[in-house]
Amino acid sequence: MPKSIIIRSNGGPEVLGIEDVKVGSPGPDEIKVTNHAIGLNFIDTYHRSGLYPLKLPSGIGLEAAGKIDEVGSNVKRFSKGDHIAYASMPIGAYSQQRIIPEKIAVKLPEGISLKLAATLMTKGLTTHYLLKQTYSLKAGETVLFHAAAGGVGQIFAQWANSIGAKVIGTVGSEEKISVARENGYAHIINYSKDDFAKEVMKITKNEGVPAVFDGVGKKTFQGSLSCLKPRGVMISFGNASGPLDPVNVFKDIQSKSLYLTRPTIGHFFTNPKELQAGADEIFEKVKFGKIKIKISKEYKLSEVTQAHRDLESRKLLGPAVIIP
Ligand SMILES: NC(=O)c1ccc[n+]([C@@H]2O[C@H](COP(=O)([O-])OP(=O)(O)OC[C@H]3O[C@@H](n4cnc5c(N)ncnc54)[C@H](OP(=O)(O)O)[C@@H]3O)[C@@H](O)[C@H]2O)c1
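Numbering (the working numbering), first residue to last: 1 to 324.
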């Protein structure tokens, strides 16, 4: 029987258990997929810990790429053997084989491997909506991105550079400085050592930046507000260091007429057409070398506990995949 990671209670990485599961046949609007590579994302740790609640017991994981084994009777877009990828609910991507709704899948073009696709969907689509839809990043602008050496961070600077924008990045250790530099960050600040807000003000000659992209959350929120220009945009898209404290609109926002948004990927790619178009844009950038992806580590399905430990202890130097 295929194996899947199941959580029966919330907690640390030790709650990730490997179990045999029965898969069955797809319903009319579903496809049955053998996963060949699974994306490891920070959001998986929120689901595991209970920060983002799930009904338990539950599978875990949102992103994978694989080959179709069987299609439901209404499915027209896909056939058996197609290479596909997906990155959204229903949860349960940490599995060898599973059934998913056809509408969440995208078809992979020639030249995009299953491993690459499993690192690109969540992180690429997040970058896509962050710099094209949440904020329309323009040539000549300099913005700030936190956790520059992380999965989303590596794609973000490369994409921003391809538009003609510059990015200041923060990293949590000295060894991540070179990773951020390789990915195109114009300035890199080690925020474990230096006050990033002061450094950003120095770099921008006291002007501040027009936008901050903050997936770190609790630890960086106030500093991020302080280095925004008047009418700047604060994009809080994650909480790697913990969820945000309540925002004091008068003190935090009114003082510089700032804009604050807390976006989520699902609100930007709302139907199969938008999803396929967004994914195709990313695949094209990768195929033409505008975005280069280096997978930093591969884990077996039986090693997911270690994968979560490494991710949460900030050891990873970029995107990682699980090979089931
Ligand atoms: N809203 C959305 O639609 C959406 C979609 C995808 C991802 N996200 C968010 O985007 C962020 C990046 O995701 P990712 O999967 O690419 O992860 P990642 O950036 O590879 O990993 C998170 C990074 O956060 C930094 N960090 C700072 N304080 C931390 C702490 N106390 N504990 C752990 N890490 C800490 C670490 O980098 P340093 O060591 O350099 O500080 C770590 O590498 C996450 O917050 C994720 O939830 C949001």
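Note that CB positions come from ideal geometry on N, CA and C, so glycine has one too.
Distance, Cα to Cα, residue i vs residue j?
i: isoleucine 18; j: isoleucine 84; result: 24 angstroms
i: isoleucine 43; j: histidine 308; result: 11 angstroms
i: proline 90; j: aspartate 20; result: 19 angstroms
i: threonine 126; j: valine 152; result: 7 angstroms
i: asparagine 35; j: glycine 66; result: 4 angstroms
i: glutamate 175; j: leucine 316; result: 11 angstroms
i: valine 247; j: alanine 197; result: 18 angstroms
i: glycine 26; j: valine 75; result: At residue 26 the sequence reads proline, which differs from the glycine that was named. Approximately 10 angstroms, taken between the alpha carbons.
i: phenylalanine 221; j: tyrosine 129; result: 20 angstroms
i: alanine 87; j: tyrosine 135; result: 22 angstroms
i: serine 4; j: asparagine 10; result: 17 angstroms
i: proline 210; j: glutamate 141; result: 8 angstroms
i: glutamate 281; j: glutamate 303; result: 32 angstroms
i: glycine 81; j: serine 58; result: 28 angstroms
i: aspartate 29; j: isoleucine 99; result: 10 angstroms
i: methionine 121; j: serine 192; result: 29 angstroms
i: proline 324; j: valine 249; result: 46 angstroms
i: lysine 292; j: alanine 279; result: 15 angstroms
i: leucine 56; j: glycine 92; result: 12 angstroms
i: glycine 289; j: glutamate 207; result: 33 angstroms
i: glutamate 199; j: asparagine 190; result: 10 angstroms
i: valine 33; j: isoleucine 253; result: 46 angstroms
i: alanine 277; j: lysine 300; result: 31 angstroms
i: aspartate 310; j: threonine 45; result: 11 angstroms
With a CB to CB cut of under 8 angstroms and the five nearest residues on each side skipped, what residues in its chain are close to residue i?
i: phenylalanine 326; result: Limits of the chain in this structure are 1 at one end and 324 at the other, which puts residue 326 out of reach.
i: arginine 314; result: Gly172 and Ser173
i: glutamate 110; result: none
i: leucine 244; result: Gly217, Lys218, Phe221 and Ser236
i: leucine 137; result: Leu131, Val143, Ala160, Ile163, Ala165 and Ala211
In its own chain, which residues sit with a C-beta less than 6 angstroms from the C-beta of residue i, not counting the 5 before and 5 after it?
i: glycine 133; result: Note that residue 133 corresponds to glutamine in the displayed sequence, not to glycine. So the list reads Phe268, once near-sequence residues are dropped.
i: lysine 256; result: Pro230
i: methionine 1; result: Asp20
i: isoleucine 112; result: Phe283
i: histidine 47; result: Leu54 and Ile60
i: alanine 180; result: Ala148, Ala149, Gly169, Val171 and Ile188
i: proline 272; result: Lys103
i: lysine 166; result: Thr142 and Ala186
i: arginine 262; result: Ser236
i: alanine 157; result: Val167, Asn183, Gly184 and Tyr185
i: glutamate 298; result: Val321 and Ile323
i: lysine 287; result: Gly111
Which residue wins for smallest C-alpha separation from residue i, given the options the options?
i: threonine 264; options: Ser4, Thr45 and Gly238; result: Gly238
i: isoleucine 155; options: Leu131, His47, Asn10 and Ser226; result: Leu131
i: leucine 51; options: Gly242, Leu258, Gly111 and Gly172; result: Gly242
i: lysine 251; options: Leu62, Val304, Leu225 and Lys193; result: Leu225
i: aspartate 395; options: Thr170, Pro319 and Gly24; result: Residue 395 lies beyond the range of the chain shown here (1 to 324); nothing can be said about it.
i: phenylalanine 145; options: Gly81, Ile60, Ile235 and Pro109; result: Ile235
i: glycine 24; options: Met121, Gln97, Leu260 and Ile5; result: Gln97
i: serine 95; options: Ile7, Leu120, Cys227 and His187; result: Ile7
i: lysine 294; options: Asn183, Thr261 and Leu275; result: Asn183
i: isoleucine 38; options: Ser49, Lys22, Pro28 and Leu62; result: Leu62
i: lysine 202; options: Ile177, Ser178 and Leu228; result: Leu228
i: leucine 258; options: Asp310, Gly232 and Val249; result: Gly232
i: leucine 341; options: Ser296, Phe213 and Thr204; result: Here the chain has residues from 1 to 324 only, and residue 341 is not among them.
i: serine 296; options: Thr204, Leu116, Thr45 and Lys285; result: Leu116
Helix or strand or just coil, what does DSSP make of residue i?
i: glutamate 274; result: helix
i: glutamate 298; result: strand
i: lysine 107; result: strand
i: isoleucine 100; result: strand
i: valine 179; result: helix
i: isoleucine 31; result: strand
i: histidine 308; result: helix
i: methionine 201; result: helix
i: lysine 193; result: coil
i: alanine 117; result: helix
i: lysine 132; result: helix
i: aspartate 245; result: coil
i: glutamate 281; result: helix
i: arginine 48; result: helix
i: aspartate 252; result: helix
i: proline 263; result: coil
i: alanine 320; result: strand
i: valine 75; result: coil
i: alanine 157; result: helix
i: leucine 225; result: helix
i: glycine 334; result: Absent from the structure is residue 334, since the part of the chain shown begins at 1 and ends at 324.
Given residue i, which residues of its chain have a CB within under 7 angstroms of its CB, disregarding the five upstream and five downstream residues?
i: alanine 240; result: Phe42, Ala147, Gly215, Val216 and Gly217
i: glycine 305; result: Reading the sequence as shown, one finds threonine at residue 305 and not glycine. Excluding sequence neighbours, threonine 305 sits near Pro13, Glu14 and Leu16.
i: lysine 330; result: Nothing can be reported for residue 330: it is not among the residues displayed for the chain, which extend from 1 to 324.
i: leucine 275; result: Val106 and Phe269
i: alanine 118; result: Ala37, Ile38, Gly39, Glu63, Ala64, Ala65, Ala85 and Val321
i: glycine 223; result: Phe196 and Ala197
7 angstroms is my cut-off, CB to CB: does residue i come that close to chain C?
i: histidine 146; result: In summary, chain C is missing from the structure at hand, where a single protein chain is found.
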